[in-house]
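Working notes, beginning with the structure itself.
Numbering (full-length UniProt numbering), first residue to last: 1 to 293.
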């Protein structure tokens, strides 16, 4: 479960809540939103000053029986200062037990600098034994789809570089006109992590919602993934406080939901996702062109 849902609540509170609901894994966040996002209150639970105390975070997770397999460290990787900060995030993520760290990349036109900086980042990733997962992001960035990602990964082959596919991001950046399964096939050899993010669209206003209550066809997606013979870490990511009007830049709303309402969203989402794996079958779905564990 992505900690981003618990905006406004501290780490012990969100961990206690998730443990009460039977959650075992949490994706903590130190996210710097792209310039396309407007407003304050994005809600990261890890800040730069926290990077020196990963053991405190690891202890709190352990106290509530939680683990961090993935970590959200999203930021651009273009300037020297950005690369330096991201490598500190990598060290933090590894220290709390994560095996994958998700990130953005940069604005279109900065591919050359991104590729150069990835060489430095991936050397450190190898030392730490952590996989850096570039994620499809907002309009105007280098990677908005699986096809975009493939063009980057084919130039930087590394077992420490992977892809995080975010369904909500893909839906928004393509204005709803995207075939998720076809796009996943473009990047399947590099796919490492999935972000389940569902979307509601009413009268031109797009917002994220509990998984299963929006318009993303997760049943078809899971059927396809099961036919691949592979397993992936999945983060349920529900930033309910983002709003886009007529496909424009996201606004970050100031409201924070009461804890009981957040817990209801967690329960609804978990119940829906459990039915996906119980009820879906790989039979009859498109072939993946890839197999392995």
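Ideal Cβ positions, reconstructed from N, Cα and C, are used throughout, including at glycine.
In the DSSP assignment, the alpha helix (DSSP H) including residue i goes from what residue to what residue?
i: residue 171; result: 167–173
i: residue 55; result: 54–63
i: residue 146; result: 146–153
i: residue 221; result: 218–227
i: residue 183; result: 180–187
i: residue 11; result: 11–20
i: residue 156; result: Run containing residue 156: none; DSSP gives neither H nor E here.
i: residue 47; result: Premise fails: residue 47 is in no alpha helix (DSSP H) and is neither H nor E.
i: residue 231; result: Per DSSP, residue 231 belongs to no alpha helix (DSSP H) and is neither H nor E.
i: residue 77; result: Run containing residue 77: none; DSSP gives neither H nor E here.
Opposite residue i in the DSSP bridges: which residues?
i: residue 196; result: 236
i: residue 132; result: 101, 161
i: residue 141; result: 107
i: residue 243; result: 207, 251
i: residue 29; result: 72
i: residue 2; result: 27
i: residue 67; result: 25
i: residue 201; result: 206
i: residue 276; result: DSSP lists no partner for residue 276.
i: residue 191; result: 163
Within its chain, find whatever has a CB closer than 7 Å to the CB of residue i; leave out the 5 residues flanking it on each side and keep chain order.
i: residue 245; result: 204, 205
i: residue 111; result: 142
i: residue 295; result: In the structure displayed, the chain extends from 1 to 293; residue 295 sits before or after that span and is not available.
Please identify the residue among the options whose C-alpha is closest to the C-alpha of residue i.
i: residue 51; options: 10, 183, 23, 93; result: 93
i: residue 87; options: 119, 64, 164; result: 119
i: residue 6; options: 133, 22, 29; result: 29
i: residue 161; options: 149, 133, 151, 182; result: 133
i: residue 260; options: 2, 4, 122, 14; result: 14
i: residue 278; options: 239, 222, 236; result: 222
i: residue 249; options: 217, 138, 158; result: 138
i: residue 147; options: 191, 116, 124; result: 191
i: residue 100; options: 188, 202, 164; result: 164
i: residue 154; options: 82, 144, 115, 170; result: 115
i: residue 97; options: 80, 83, 67; result: 67
i: residue 299; options: 16, 10, 27, 19; result: Outside the shown range of the chain, which is 1 to 293, sits residue 299, and nothing can be said about it.
i: residue 113; options: 185, 126, 76; result: 76
Kindly list the residues whose CB is nearer than 8 Å to the CB of residue i, restricted to its own chain and excluding five residues on each side of it in sequence; keep chain order.
i: residue 128; result: 90, 91, 94
i: residue 21; result: 263, 266, 267, 270
i: residue 349; result: As shown, the chain starts at 1 and ends at 293. That puts residue 349 outside it, with no answer to give.
Got a sec? Which residues, its chain only, sit under 6 Å from residue i by beta carbon, not counting five neighbours each side?
i: residue 247; result: 175
i: residue 207; result: 200, 243
i: residue 233; result: 69, 70, 193
i: residue 135; result: 102, 164, 166
i: residue 46; result: 28, 30
i: residue 183; result: 145, 146
i: residue 58; result: 96
i: residue 126; result: 160
For the beta strand (DSSP E) that contains residue i, what are its first and last residues?
i: residue 295; result: Any answer about residue 295 is impossible in this case: the structure gives the chain only from 1 up to 293.
*Counting pairs of Cβ atoms below 8 Å between the stretch 198–216 and the stretch 266–275, do you hit three or more?*
yes
*Can you find at least 3 beta carbon pairs, one from the stretch 221–228 and one from the stretch 256–265, that sit closer than 8 Å?*
no
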